[in-house]
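Written below as structure tokens is the structure these notes are about.
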Amino acid sequence: MNYRFQNLLGAPYRGGDAVFAGDSPVLLSAVGNRVASTDLAASSSLTLPFESSSNVTRLAVSPSGDFLLAADDNGRALYANLRRRAVLHRVSFKGAPSAVRFSPDGQLIAVAVGKVVQIWRSPGFRKEFFPFHLLRTFPGFAAGVTAFDWSPDSAFLLASCKDLTARLLPVKNGLRGKPFLFLSHRSAVVGAFFATDKKTGRVKGVYTVSKDGAIFTWNLVEGNEDNDTSPPPSPGTPEQGSEQNDAMELDGGSRKRKILGESGNLDTTPLHLAKWELQEKHFFMQSPAKLTACDYHRELDMVVVGFSNGVFGLYQMPDFVCLHLLSISREKITTAIFNSLGNWLVFGCAKLGQLLVWEWRSESYILKQQGHYFDVNCIAYSPDSQLLATGADDNKVKVWTVSSGFCFITFSEHTNAVTAVHFMANNHSLLSASLDGTIRAWDLFRYRNFRTFTTPSPRQFVSLTTDQSGEVICAGTLDSFEIFVWSMKTGRLLDVLSGHEGAVHGLMFSPINAILASSSWDKTVHLWDVFESKGAVETFQHSHDVLTLAYRPDGRQIACSTLDGLINFWDPSDGLLMYTIEGRRDIAGGRLMTDRRSAANTSIGKYFTTLCYSADGSYILAGGNTKYICMYDVGEQVSKSFL
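Numbering (UniProt numbering), first residue to last: 1 to 643.
So this is what it looks like as structure tokens:
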């Protein structure tokens with residue numbers, strides 16, 4: 001059997017970068033050590049099949065949209081073909097990159113590692129032994145680099161830095177001289193962008209945005225005859241030849257003199273040697289919030305900014321006209337970008353796991369997804385396998401569409417952690433149990449809570465199930481060790497089943513009759529005849545606490561997981577133990593002979609917390625407090641695979 005990873009649901013964004021794949025409507029975002037791809041036109045999402053060894057923090061896509069460079073927080077990067085979804089190359093930058101950006105022509109890649117900016121040659125489709133080649137290195141930064149912006153001709157790179165400066169770096173071969181520094185900010189520079197003339201396409205200015213909410217406009221001074229860019233004379237140094245004083249450039253390996261204009265000035269004076277002047281200072285006035293993300297759209301001449309208080313703003317430059325100023329949450333916005341056309345704005349909030357795509361002209365959402373804020377406790381498939389429900393410690397129940405990977409409804413009426421979810425047989429209703437003492441029934445057509453089941457005195461529910469007809473609802477408690485039975489039609493409490501001496505963490509009706517099986521921390525499994533009200537008709541004793549149970553689809557076998565890492569299989573009709581699987585060593589994984597024994601690799605205290613049979617009942621899936629999911633052949637009692 002070959003099980004391949006298909007998709008990752010519940011986390012559209014977990015920090016790092018979010019980028020568009022060229023001019024397409026495909027949005028790429030970092031989710032843990034993987035990259036999620038969201039097609040905004042088709043309203044579907046998938047997770048790329050490759051993964052990194054640690055969390056991915058930086059993403060860069062080539063201008064053509066063919067290649068993706070994904071770097072993790074250990075400095076390791078993957079160079080992948082997006083269309084084939086295959087990794088082509090791997091490279092290590094010897095440190096966690098703080099910024100990664102392709103050049104507009106796709107030939108170069110700028111990478112910021114610590115206080116150094118590196119210029120790498122892009123591998124492209126070339127087949128080479130070592131495709132990544134380091135071309136240039138720019139040291140001298142006093143602090144880490146925060147962002148990049150390339151000039152349209154890929155000859156210059158604008159790097160914003162935490163040392164309160166933005167630097168104009170000459171990247172193209174033949175350009176000499178020191179980088180130009182844009183000074184005046186009083187806080188770390190979050191972003192710096194080139195502004196171009198719409199008619200000629202040449203660079204005419206620079207915008208620098210700082211963390212304290214300031215944006216400065218710098219203009220390029222042209223036609224300055226007194227601008228002497230040569231270094232000052234040094235005493236005792238012989239004069240250099242006129243060939244070295246003239247401005248030169250390398251183009252295709254040949255030296256060419258720059259063309260002189262009619263006025264005698266250099267028409268194409270290098271930007272880092274030209275004269276720049278600070279024209280205007282503007283402030284976003286969001287104090288005490290800090291500016292955390294920004295982006296600039298060159299064709300529209302617009303700037304979008306995000307703040308630490310969840311507010312974002314859209315401004316028309318160079319007049320600094322506020323078009324929109326809205327709030328999406330109370331948490332920090334960690335990424336804010338434009339798409340290629342400039343009509344969509346993308347915002348990401350790492351703490352909330354939130355990813356939004358907003359169309360600013362019509363003021364409508366294209367995408368609005370958010371994962372669970374805390375740990376997920378329970379999960380359930382719908383009978384037709386088209387929907388997936390999750391419950392978490394954030395008191396919310398979310399329902400996902402399996403085919404698209406999107407959450408289409410969130411129920412937040414619970415006031416405490418959700419511990420169990422269960423779909424009704426008609427596929428139109430969903431039940432959820434919570435520690436707040438309620439069982440709620442949700443209508444998946446009208447998206448509302450149409451029934452709430454409670455007890456005479458407050459109880460904490462940790463398990464939930466229904467019979468095959470959906471007429472009877474049963475829930476197990478954590479504190480009183482009882483099982484409550486309600487009628488789905490009337491909402492009345494029908495019966496209370498007592499007999500357990502520990503928390504009832506497992507409940508399931510038999511697929512062939514009305515027998516209810518319950519597992520408890522009192523080391524027993526009870527079988528109940530709910531409709532006859534005869535109490536417990538059978539009891540299975542175990543040597544350790546029973547954590548969960550599962551009926552085989554034909555109803556002729558019960559699998560129980562215990563605290564010592566065993567899976568016991570019982571015959572419910574005869575009450576006999578059929579066989580036992582010892583899964584403690586499997587769930588703990590393996591360790592080398594040279595590894596020291598620690599709490600992480602010891603098999604003591606490892607156990608399964610969830611069990612699930614295959615459709616034919618020949619295999620069983622088991623998972624617990626580990627990163628492994630084990631699959632066993634029930635008849636042979638051997639492990640088949642680890643996921």
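For glycine and all other residues, C-beta sits at the position ideal for the given N, C-alpha and C. Model, not experiment: these values are computed from the prediction.
>> Quick check on the DSSP output: the beta strand (DSSP E) that includes GLY348 runs from which residue to which?
In response: Here the beta strand (DSSP E) through GLY348 covers 344-349.
> Under a three-way DSSP split, which group does ILE379 fall into?
Replying inline: Looking at ILE379 - three-state DSSP - the assignment turns out to be strand.
> Do LYS115 and ALA143 have their C-beta atoms closer together than 8 Å?
Replying inline: yes
>> Please classify ASP586 as buried or exposed, where buried requires at least 16 neighbouring CB atoms within 10 angstroms.
In response: buried
> Exposed or buried, which one is ASN513 when buried takes at least 16 other CB atoms within 10 Å?
Replying inline: Sixteen is the threshold: since fewer than 16 other Cβ atoms of the shown chains lie within 10 Å of the Cβ of ASN513, the residue is exposed.
> Leaving out five residues before and five after GLN348 in sequence, what residues of the same chain have Cβ atoms less than 6 Å from its Cβ?
Replying inline: The sequence shown places Gly at residue 348, not Gln. So the qualifying residues of the chain are TYR13, ALA18, THR334, THR335, LEU355.
>> Measuring alpha carbon to alpha carbon, tell me which residue in TRP344, GLU363, GLU299, ASP467 is nearest CYS326.
In response: As written in the sequence, residue 326 is Leu, which differs from the Cys given in the question. Closest by alpha carbon: GLU363.
>> Please report the straight-line C-alpha distance between LEU516 and ASP479, rounded to a whole angstrom.
In response: 20 Å
>> On the CB-based measure, 16 or more other CB atoms within 10 Å of its CB, does ARG552 come out buried or exposed?
In response: buried
>> For THR292, tell me which candidate among GLY191, LEU388, LEU387, ILE483 has the shortest Cα-Cα distance.
In response: GLY191
> In this structure, does DSSP put ILE587 in helix, strand or coil?
Replying inline: Of the three classes helix, strand and coil, the one that applies to ILE587 here is helix, per DSSP.
> In chain order, which beta strand (DSSP E) runs of at least 3 residues are fully inside the stretch 300-328?
Replying inline: Qualifying beta strand (DSSP E) stretches, in chain order: 302-307, 311-316, 321-327.
> Bridge partners of GLN370, per DSSP?
Replying inline: GLN354
> Comparing alpha-carbon positions, which option in GLY342, ALA289, HIS272 lies nearest HIS297?
Replying inline: GLY342
>> I'd like to confirm the pairing. Which residues does DSSP put opposite LYS275 in its beta bridges?
In response: VAL221
>> I need the boundaries of the beta strand (DSSP E) containing MET508, first residue and last residue.
In response: 504-509
> If we count the other Cβ atoms within 10 Å of its Cβ and call it buried at 16 or more, is ARG34 buried or exposed?
Replying inline: buried
>> What does the Cβ neighbour count give for ASN625, buried or exposed, with the cut at 16 atoms within 10 Å?
In response: exposed
> Any idea if residue 644 is buried or exposed, counting beta-carbon neighbours within 10 angstroms, 16 or more meaning buried?
Replying inline: This structure cannot speak to residue 644, because the chain is shown only from 1 to 643.
> The beta strand (DSSP E) with ALA11 in it runs from where to where?
Replying inline: ALA11 -> no beta strand (DSSP E), and no H or E assigned at all.
>> Whether or not the stretch 77-91 and the stretch 142-156 are in contact is what I'm after, with contact meaning three or more pairs of Cβ atoms, one per stretch, closer than 8 Å; do they touch?
In response: no
> How is the beta strand (DSSP E) around LEU611 delimited, first residue to last?
Replying inline: 608-613
> What first and last residue would you give for the beta strand (DSSP E) that runs through ARG136?
Replying inline: 133-138
> Alpha carbon to alpha carbon, what distance is there between SER329 and PHE194?
Replying inline: Using only the alpha carbons, I get a separation of about 30 Å.
> Cβ atoms of MET508 and THR465: under 8 Å apart, would you say?
Replying inline: yes
> Among residues of its own chain, excluding the 5 on either side of PRO318, which ones have a beta-carbon nearer than 6 Å to its beta-carbon?
Replying inline: THR217
>> List, from N- to C-terminal side, the beta strand (DSSP E) runs of 3 residues or more that fit wholly inside the stretch 148-199.
In response: Segments of the beta strand (DSSP E) lying fully in the stretch 148-199: 156-161, 166-170, 180-182, 189-196.
>> Quick check for students: name the residue ranges of the beta strand (DSSP E) that lie wholly in the stretch 7-90, counting only runs of 3 or more.
In response: 18-20, 26-31, 34-39, 44-47, 56-61, 67-72, 76-81
>> Taking 6 Å as the limit between beta carbons, can you name the residues of its chain near GLY310, skipping five residues before and five after?
In response: SER327, ILE328, SER329, ARG330, GLU331
>> Can you check which of these residues, VAL634, SER561, ALA36, is closest to LEU611 by C-alpha distance?
In response: SER561
>> For a test of the three-state rule: what should DSSP assign to ILE512, helix, strand or coil?
In response: In the structure shown, ILE512 sits in coil (DSSP, three-state: anything other than H, G, I, E or B).
> Contact check, GLY437 vs ARG459 under 8 Å by CB: the rounded distance?
Replying inline: 5 Å
> Assuming GLY75 contacts PRO97 under a Cβ cut-off of 8 Å, what Cβ separation, rounded to an integer in Å, is found between them?
Replying inline: 7 Å
> What are the partner residues of TRP338, as DSSP defines its beta bridges?
Replying inline: With the sequence shown as reference, residue 338 is identified as Phe, and Trp is not the correct amino acid for it. For PHE338, which the question treats as bridged, DSSP gives the partners LEU345.
> Roughly how many angstroms separate the alpha carbons of THR609 and TRP150, rounded to a whole number?
Replying inline: 52 Å
> Excluding sequence positions up to five away, which residues of its chain have a Cβ less than 6 Å from the Cβ of LEU563?
Replying inline: HIS544, ASP545, TYR607
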